[in-house]
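Novice: Following this message is one structure expressed as structure tokens.
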Amino acid sequence: TESRHSVRMSVLDYSLVGKKWLKSKKLSPDAFAQLGFHLAYFDIHGHVPVTYESVMMKHFKYGRTETGRPMTEEASQFVELMSDPLASVEDKAAAIRAAADAHVAQIKNCQAGRGFDRHLFALKNLAKLRMERLDEYKIPEIFTHQSYAVCSSFLLSTSNCGMDGVSSFGFGPVCEGGYGVGYMIADDRIMANISSWSVVGPMQSELFKRKLAKAYTDMYRILEAPSSTGKTP
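Using this note's numbering, you'd call the opening residue of the sequence shown number 28 and step up by one each time.
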């Protein structure tokens, strides 16, 4: 009960953009959704987050999930450019596409078994078991280094569900000050269930919802602008 009351949730039903429109723009719907999350987070906190996206490993017989890391270098550049008042619409549109392409490549690598998080997680747990059995054994330094702790603290934990018959789903944030985002991309809309810890602020998830709607609208207008579509006014 205490945990239930310590989490706040807000649901965004965004109907200006959906899978059909995004495919007409030759953009990955998942990449577009993730770029919106990053832009909303940056708008609130002023920095980009360590982001988790669950990636299905269904190409493998016993595959479950791998950790996708949507905050690529290109995604970071896109977020920074969007906050630059001197950046042109053309530059912003190009940044969206570059970040979307990097996102797709990163997810494909995970699906092909070229992710690293699950591998390191398994090695860390094996090291813990060995440390329990062997008095002289020390856990490898990589697992105690601050950089490993930082890259494993997912301030933005996300998961995409594309199952028919499910209208919405969600989960709690996985670290202090973070957000959980369960999202679905339909032909005519994007649904996002946003959670945050109430101790951070009772309206934090609602704030993220508003910023996310603004992010999607800003990206929509950029991609619809004549200068980014090749159309003349």
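We put the CB at the ideal spot given by N, CA and C, even for glycine.
Going by Cα to Cα distance, which pick from F59, S223 and Q104 is closest to G45?
Specialist: Checking every option, the nearest Cα to that of G45 belongs to F59.
Novice: Given this structure, state the Cα-to-Cα distance separating A67 from L147, to the nearest angstrom.
Specialist: 30 Å
Novice: Candidates A213, I123 and V38: which alpha carbon is nearest Y247's?
Specialist: Nearest option by C-alpha distance: I123.
Novice: Out of W224, M218 and S254, state which residue places its alpha-carbon closest to the alpha-carbon of L239.
Specialist: It is M218 whose Cα lies nearest to the Cα of L239.
Novice: For the alpha helix (DSSP H) containing V131, list its first residue and its last residue.
Specialist: From DSSP, the alpha helix (DSSP H) with V131 extends over V116 to Q138.
Novice: Does DSSP put I169 in a helix, in a strand, or in coil?
Specialist: helix
Novice: Under 7 Å Cβ to Cβ from F170, same chain only, skipping five residues before and after it: list those, please.
Specialist: K151 and A154
Novice: Which whole-angstrom value is the C-beta distance of T78 and P56, which I expect to be below 8 Å?
Specialist: In fact, because the Cβ distance is near 17 Å, the residues do not count as touching under 8 Å.
Novice: Is the beta carbon of G95 less than 7 Å from the beta carbon of V82?
Specialist: yes
Novice: Are there 16 or more other CB atoms within 10 angstroms of the CB of D111, so buried, or fewer, so exposed?
Specialist: exposed
Novice: Does the Cβ of S222 have 16 or more other Cβ atoms within 10 Å, making it buried, or fewer, making it exposed?
Specialist: buried
Novice: Under a Cβ-count criterion, where at least 16 other Cβ atoms within 10 Å of its own Cβ denotes burial, should A242 be classed as buried or exposed?
Specialist: buried
Novice: Taking DSSP as the reference, what is the three-state secondary structure of M84?
Specialist: coil
Novice: Buried or exposed, going by whether 16 or more other CB atoms sit within 10 Å of the CB of I166?
Specialist: Exposed, because fewer than 16 other Cβ atoms sit within 10 Å of the Cβ of I166.
Novice: What residue from G90, A121, K88 and H72 has the CA that sits closest to E101's CA?
Specialist: A121
Novice: Mapping the DSSP letters down to three states, classify Y41 as helix, strand or coil.
Specialist: strand
Novice: Let me know the secondary structure DSSP gives V106 once reduced to three states.
Specialist: helix
Novice: List, from N- to C-terminal side, the alpha helix (DSSP H) runs of 4 residues or more that fit wholly inside the stretch 187-219.
Specialist: For the stretch 187-219, not a single whole alpha helix (DSSP H) run of length 4 or above is found.
Novice: Within the same chain, show all residues whose beta-carbon is closer than 6 Å to that of R157, passing over the 5 residues directly before and after it, in chain order.
Specialist: So the list reads Y164, once near-sequence residues are dropped.
Novice: Return yes when the Cβ of G199 is within less than 7 Å of the Cβ of L182, no when it is not.
Specialist: no
Novice: Going by the beta-carbon positions, is the gap between G197 and M84 smaller than 7 Å?
Specialist: no
Novice: Would you tell me roughly how many angstroms separate the C-alpha atoms of E80 and G63, rounded to the nearest one?
Specialist: Near 14 Å, if we compare the C-alpha coordinates of G63 and E80.
Novice: Mind checking whether I249 and K119 have CB atoms under 7 Å apart?
Specialist: Contact: yes.
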